[in-house]
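**Q**
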Amino acid sequence: MADSSKMSIGRIVLQLAVGLMLSVAGIWALQGGGDAAADAIRSIFDGNVESILVIVLGIIEVVAGVLLIVGLFLPTSLGAFNSILLLVVMIVWICAIVLIDFLGGHGLFNGGAKHFLSWCYQFADHLIVLGALILLQSRS
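In the numbering used here, the protein residues as written are 219 to 358.
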């Protein structure tokens, strides 16, 4: 494993989960789907700009996810590079939270208050991912 002084069972599980989530989300984005961040990009941009940004996001997510998973098993000198990738993903994720959970079609300001518990659950889900990204980025 990587530096065992920084590793705990909780961190290993969290790093594996976020690595898998980012890898899968990136692959889906490259296939035309994606996660909340890809949906947020699609809600802002159209045409070629949308396609290019979603592809770039997909590549960043795949690379960051794979590096997180590989970092569990191999000592890596790519910590700073992965930290930068996670920072980019975090920034896009924060934008996605604002767009989807507050301004989007079912956001808090556009009907989300009608189904408040559902909105809270989705918002909490997005915040959990953001918290995991922040924790892993600050320790990589």
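The beta-carbon is built from N, C-alpha and C at its ideal position, and this holds for glycine as well.
Here the structure is a predicted model, which means the values were calculated and not measured.
Look up His-333 in the DSSP assignment and say whether it is helix, strand or coil.
**A** Indexing the sequence shown from 1 puts residue 333 at position 115. Three-state result, His-333: helix.
**Q** Assign Ile-227 to buried or exposed, taking buried as 16 or more other Cβ atoms, counted over all protein chains shown, within 10 Å of its Cβ.
**A** The residue given as residue 227 occupies position 9 in the sequence shown. Exposed, since its Cβ has fewer than 16 Cβ neighbours within 10 Å.
**Q** Three-state secondary structure (DSSP) at Phe-327?
**A** Taking the sequence shown and counting its residues from 1, the one referred to as residue 327 is at position 109. Here Phe-327 carries a coil assignment [DSSP, helix/strand/coil].
**Q** With a threshold of 8 Å, are at least 3 pairs of Cβ atoms found where one atom belongs to the stretch 283-292 and the other to the stretch 234-242?
**A** yes
**Q** By DSSP, does Gln-340 sit in helix, in strand, or in coil?
**A** Residue numbering aside, residue 340 sits at position 122 when the sequence shown is read from its first letter. Here Gln-340 sits in helix by DSSP.
**Q** Using the Cβ count rule (16 or more neighbours within 10 Å means buried), how would you classify Ala-256?
**A** If you number the sequence shown from 1, residue 256 lands on position 38. It counts as buried.
**Q** Quick check on this structure: which residue in Gly-330, Ala-331, Ala-342 and Phe-299 has the alpha carbon closest to the alpha carbon of Ser-356?
**A** Position 138 of the sequence shown, counting from 1, holds the residue named residue 356. Of the listed residues, the one whose Cα sits closest to Ser-356 is Phe-299.
**Q** What three-state label does DSSP hand Arg-357 in the structure shown?
**A** Numbered from its first residue, the sequence shown carries residue 357 at position 139. Coil.
**Q** Looking at Gln-378: is its Cβ nearer than 8 Å to the Cβ of Leu-290?
**A** Absent from the model: residue 378. The displayed extent of the chain is 219 to 358, so no value can be given.
**Q** Expressed to the nearest angstrom, what Euclidean distance is found between the alpha-carbon atoms of Gly-323 and Asp-264?
**A** Here the question's residue 323 lines up with position 105 in the sequence shown. Here the question's residue 264 lines up with position 46 in the sequence shown. Those two C-alpha atoms are separated by around 17 Å.
**Q** Below 8 Å between beta carbons: does that hold for Leu-214 and Ile-259?
**A** Outside the shown range of the chain, which is 219 to 358, sits residue 214, and nothing can be said about it.
**Q** Here's the rule: buried if 16 or more other CB atoms are within 10 angstroms of the residue's CB, otherwise exposed. What is Ala-342?
**A** Against the sequence shown, residue 342 aligns to sequence position 124. So Ala-342 counts as exposed.
**Q** Where does His-333 land, buried or exposed, given buried means 16+ other C-beta within 10 angstroms?
**A** As a first step, residue 333 is located in the sequence shown; it is residue number 115 there, counting from the start. The residue is exposed, with fewer than 16 neighbouring Cβ atoms inside 10 Å.
**Q** Does DSSP put Phe-291 in a helix, in a strand, or in coil?
**A** Within the sequence shown, residue 291 is the residue found at index 73, counting from 1. Helix, per DSSP.
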